[in-house]
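full-length UniProt numbering puts the last residue of the sequence shown at 417; the count rises by one with no breaks.
Positions of the beta carbon are idealized from the N, C-alpha and C atoms, including for glycine.
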Amino acid sequence: MEVKECLKTLPVGLNGIYYRILSKVPPQHRQAVRSILQWVCFAEHPLRPTELAGLFDKQASKSPSRSAMDSDSDSDSDANSNTALNEASGRGTVSRLRDLLRFCNHFILLVKKFDLDNGDVETVHLVHQSAKDYLTRREKNGESGVDYFRLGKRRAIHMDLGRRCIDILTQMIDTNRQEGIPPTNSIRGPNDKTTEQPKPYSYTPEDYAALCRARHLRHGGDDLDTHAQILRIISQDKASHSVWAWQASPNPLLGMYSFHFHQATRDENASALTKAIALGLSSTVKVLVSGMTVEDYTSIVRSSSGGLLNLALDLRHMRIFEILIEAIGSPALILEPNVIPWLADQKSLEVLHRVLKMTQNPRVTFGAELEYCLHKAVFHDSESIFTLLLDTGADPNLADVAYPLAPALIDGRSLTS
């Protein structure tokens with residue numbers, strides 16, 4: 001009989017179980033638990049405890065942004081938990097994280113797998129897709145204590161996480177500067193032949209923040225309010241010389257940060273447009289250049305190091321490159337050299353064709369770059385680009401003899417004429 005009576009008290013369905021778990025989280029730990037659930041739900045990759053402990057702890061001394069919290073939680077719970085979280089912020093350890101995971105252990109699992117390089121490795125996962133569905137649901141339960149944990153505003157949460165990442169990096173740079181620790185010198189110039197390897201990803205909150213800050217901001221969405229928030233973030237004075245001058249790349253798959261990225265963003269006066277391009281925020285770039293005059297654009301290009309089109313190309317942000325030339329037109333191409341050689345080298349036929357057609361006289365605009373592109377076309381055995389260049393006015397007779405042109409590509413229209 002006792003077993004039957006106990007069974008009657010169990011909630012029906014998984015949602016009922018999740019509701020019951022969250023309703024029992026102690027008030028002093030609610031903000032920390034919500035923060036942990038937020039990171040586990042929306043992180044760009046499964047987090048190790050060493051990452052998660054620092055990520056949620058670095059934001060623990062601050063209340064969540066109002067954009068992410070509005071209509072998703074009760075403000076009283078927020079206020080009641082600030083004291084506990086401020087105390088927790090001084091204990092940024094994996095041990096503290098494990099203590100807090102006890103309050104949501106039916107939502108989160110620590111999964112251990114063997115890794116050849118690191119041995120047994122733990123990562124933090126949601127226990128089931130239904131747990132994420134419950135946390136990110138749109139509808140409310142009607143009980144403020146549990147609705148506090150609802151993570152329904154995905155774009156706002158990504159904006160919040162992107163902002164947290166920037167805070168973490170800014171704090172790291174400022175701390176290193178105060179302690180006299182020089183920045184990591186891992187930037188390669190265009191002619192640098194160094195064999196220095198990029199810093200490996202070490203599963204720290206700083207590495208996560210460096211790798212994923214732009215992705216969270218991009219996930220923030222295209223609405224005007226989101227753009228306004230992004231612009232406030234990338235325009236803030238404190239971040240302009242701290243985060244954007246940070247030199248070490250955290251992921252060997254990404255390699256070094258590019259020379260153009262370093263040159264374009266290290267300046268304390270780097271523009272919001274430059275930073276938006278560097279981060280790959282195409283929607284924000286579109287907002288910034290909408291209605292921008294050629295004079296204003298020219299001023300930004302001349303105050304930058306390396307230019308804006310070259311920055312977009314170097315970082316493979318092709319959509320941003322297209323946005324810039326669509327908004328500014330041929331003056332953008334005249335301002336910056338080496339654009340069409342890059343496109344020819346990457347065999348970007350469609351974009352190269354559009355760029356060449358944008359100018360009334362490609363010979364005047366691009367000069368000897370047309371012949372240099374012929375070298376690239378031959379080198380890559382690209383007949384389509386070679387033909388496009390000939391039709392545009394490139395002259396094989398002017399080409400450098402160090403790069404002999406393949407007769408099969410000439411098609412009897414230039415050297416033989």
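Do residue i and residue j have their CB atoms nearer than 9 Å?
i, j, result
"Gln38", "Leu169", "no"
"Ile334", "Met292", "no"
"Ile320", "Ala312", "yes"
"Lys347", "Ser382", "yes"
"Thr136", "Arg155", "no"
"Phe366", "Ile385", "no"
"Ser304", "Ser271", "yes"
"Leu217", "Ile277", "no"
"Val127", "Ile108", "yes"
"Ile21", "His106", "yes"
"Tyr203", "Arg98", "no"
"Thr284", "Ser330", "no"
"Leu324", "Leu349", "no"
"Leu374", "Gly393", "no"
"Glu336", "Val289", "no"
"Ser130", "Leu279", "no"
Taking the continuous alpha helix (DSSP H) assigned at residue i, which residues delimit it?
i, result
"His353", "Leu349 to Lys357"
"Met318", "Met318 to Ile328"
"Asn45", "In the sequence under discussion, the amino acid at residue 45 is His, which differs from the Asn named in the question. Here His45 belongs to no alpha helix (DSSP H), and DSSP marks it neither H nor E."
"Pro362", "Pro362 to Phe366"
"Ala377", "Glu369 to Phe379"
"Arg96", "Val94 to Leu101"
Does residue i come out as helix, strand or coil in the three-state DSSP assignment?
i, result
"Phe114", "strand"
"His125", "strand"
"Gly220", "coil"
"Gly145", "helix"
"Asp120", "strand"
"Leu315", "coil"
"Leu281", "coil"
"Leu109", "strand"
"Asp296", "helix"
"Lys132", "helix"
"Pro337", "coil"
"Asp174", "helix"
"Ala394", "coil"
"Ser290", "coil"
"Pro26", "coil"
"Arg154", "helix"
"Ser305", "coil"
"Ala239", "Confidence is the limiting factor: at Ala239 the pLDDT is only 44, short of 50, which leaves the residue's position unreliable and the question unanswerable from this model."
"Thr204", "coil"
"Phe56", "helix"
"Ser384", "helix"
"Arg137", "coil"
"Gln346", "coil"
With distances taken Cα to Cα, identify the nearest neighbour of residue i among the options.
i, options, result
"Arg164", "Ile340, Arg98 and Phe56", "Phe56"
"Val124", "Ile325, Phe42 and Asp314", "Phe42"
"His158", "Val287, Arg215 and Gly16", "Arg215"
"Arg138", "His106, Leu352 and Lys153", "Lys153"
"His380", "Leu343, Pro362 and Gly393", "Leu343"
"Gly221", "Val287, Arg96, Tyr203 and Tyr134", "Val287"
"Tyr148", "Tyr203, Asp395, Lys24 and Glu336", "Lys24"
"Leu211", "Gln171, Gln178, Glu179 and Ile166", "Ile166"
"Tyr372", "Thr387, Asn338, Asn361 and His353", "Asn338"
"Tyr297", "Leu279, Ser95 and Glu326", "Glu326"
"Pro205", "Arg354, Glu51 and Thr93", "Glu51"
"Gly145", "Tyr201, Val33, Val355 and Glu322", "Val33"
"Glu322", "Leu352, Thr387, Pro26 and Pro396", "Leu352"
"Asp133", "Ser299, Asn310 and Val40", "Val40"
Please check if any C-beta of chain B sits within less than 9 Å of the C-beta of residue i.
i, result
"Cys41", "In the structure shown, chain B does not exist; there is a single protein chain."
Under the rule that 16 or more other beta-carbon atoms within 10 Å means buried, what is residue i, buried or exposed?
i, result
"Thr274", "buried"
"Thr175", "exposed"
"Ala368", "exposed"
"Leu253", "Unreliable positioning characterises Leu253 in this predicted model, as indicated by a pLDDT of 36, which lies under 50. A coordinate reading is not provided."
"Ser282", "buried"
"Tyr18", "buried"
"Val111", "exposed"
"Val378", "buried"
"Arg363", "exposed"
"His45", "exposed"
"Arg30", "buried"
"Glu179", "exposed"
"Leu415", "Confidence at Leu415 is low in this model, with a pLDDT of 39, below 50, so its placement is unreliable and the value that follows should be read with caution. By the neighbour-count rule (16 or more Cβ atoms within 10 Å), Leu415 is not buried but exposed."
"Asp115", "exposed"
"Lys113", "exposed"
"Asn397", "exposed"
"Asn118", "exposed"
"Arg213", "buried"
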